[in-house]
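Contents: one structure, followed by commentary.
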Amino acid sequence: MAKEIYNYSVRCRTCRCKFEVQLFDTHEKNLFLVDKKHWFCEKCKNEYFEKQTKQLTDEHKNVGFQELAGTQKTVSWAVKIRSEMLNKVNYLRDSLAFADDEAREKSEKAFTLFLEEWQAKTEAKWWIDHRNMNVRDISKRVEELTQNIQEGES
Ligand SMILES: [Zn+2]
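Residue numbering for the sequence shown follows our numbering, beginning at 1 and increasing consecutively.
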């Protein structure tokens, strides 16, 4: 089934100006987007991204992450990705159950090591390249690191 291109009129959430967007999904999905998505005109978009980038960057600094390097556009995309990826880590962390304190400690150590690996990634491009990393991928790497800790101790 060929996808059609539709033009939609949306309103900037900040300055309330109306502008047109082209959407490429099914009409139903597009309508959903038009309704639910926060739209911004070019001018407000840039201001919004700058603000959002700064806010997320500050949040990430609090958990040991540095400012990202790249163009304004890639950095603003990358910090958003980083935010989502950190949410996945937190989700995984919260979902784990442990047999005993030792297992819990090992896991905590592995998570710290895991985050250190990410903290070393300061290029916006790395985050964009890894944006599809899911909870399962993260879990796999944390397990590897946990395994390493066990081997290091025996
Ligand atoms: Zn606007």
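Glycine included, C-beta positions come from ideal geometry on N, C-alpha and C.
Is residue 40 near ligand 1, in the sense that its beta carbon is under 7 angstroms from a heavy atom of that ligand?
The residue given as residue 40 occupies position 40 in the sequence shown. It does: the Cβ of residue 40 is within 7 angstroms (strictly closer) of some heavy atom of ligand 1.
Selected residue, minimal CA-CA separation from residue 79, among 128, 132, 27 and 6
Taking the sequence shown and counting its residues from 1, the one referred to as residue 79 is at position 79. That would be 128, whose Cα lies nearest to the Cα of residue 79.
Under 8 angstroms, with one C-beta from each stretch per pair, do the segment 57-70 and the segment 29-38 reach the 3-pair mark?
No, because fewer than three Cβ pairs between the segment 57-70 and the segment 29-38 fall closer than 8 angstroms, the two stretches do not touch.
For residue 10, which residues does DSSP report across the bridge?
The sequence position of residue 10 within the sequence shown is 10, counting from 1. According to the DSSP secondary-structure assignment, residue 10 is paired through a beta bridge with 19.
Could you tell me the boundaries of the alpha helix (DSSP H) in which residue 50 lies?
Numbered from its first residue, the sequence shown carries residue 50 at position 50. That run of the alpha helix (DSSP H) goes 42-62.
Does DSSP put residue 69 in a helix, a strand or coil?
For the purposes of this step, residue 69 is taken as residue 69 along the sequence shown, with counting starting at 1. If DSSP states are grouped into helix, strand and coil, residue 69 belongs with the strands.
Would the C-beta of residue 43 count as close to ligand 1, meaning under 7 angstroms from any of its heavy atoms?
Numbered from 1 along the sequence shown, position 43 holds the residue referred to as residue 43. For residue 43, the shortest separation between its Cβ and any heavy atom of ligand 1 lies below 7 angstroms.
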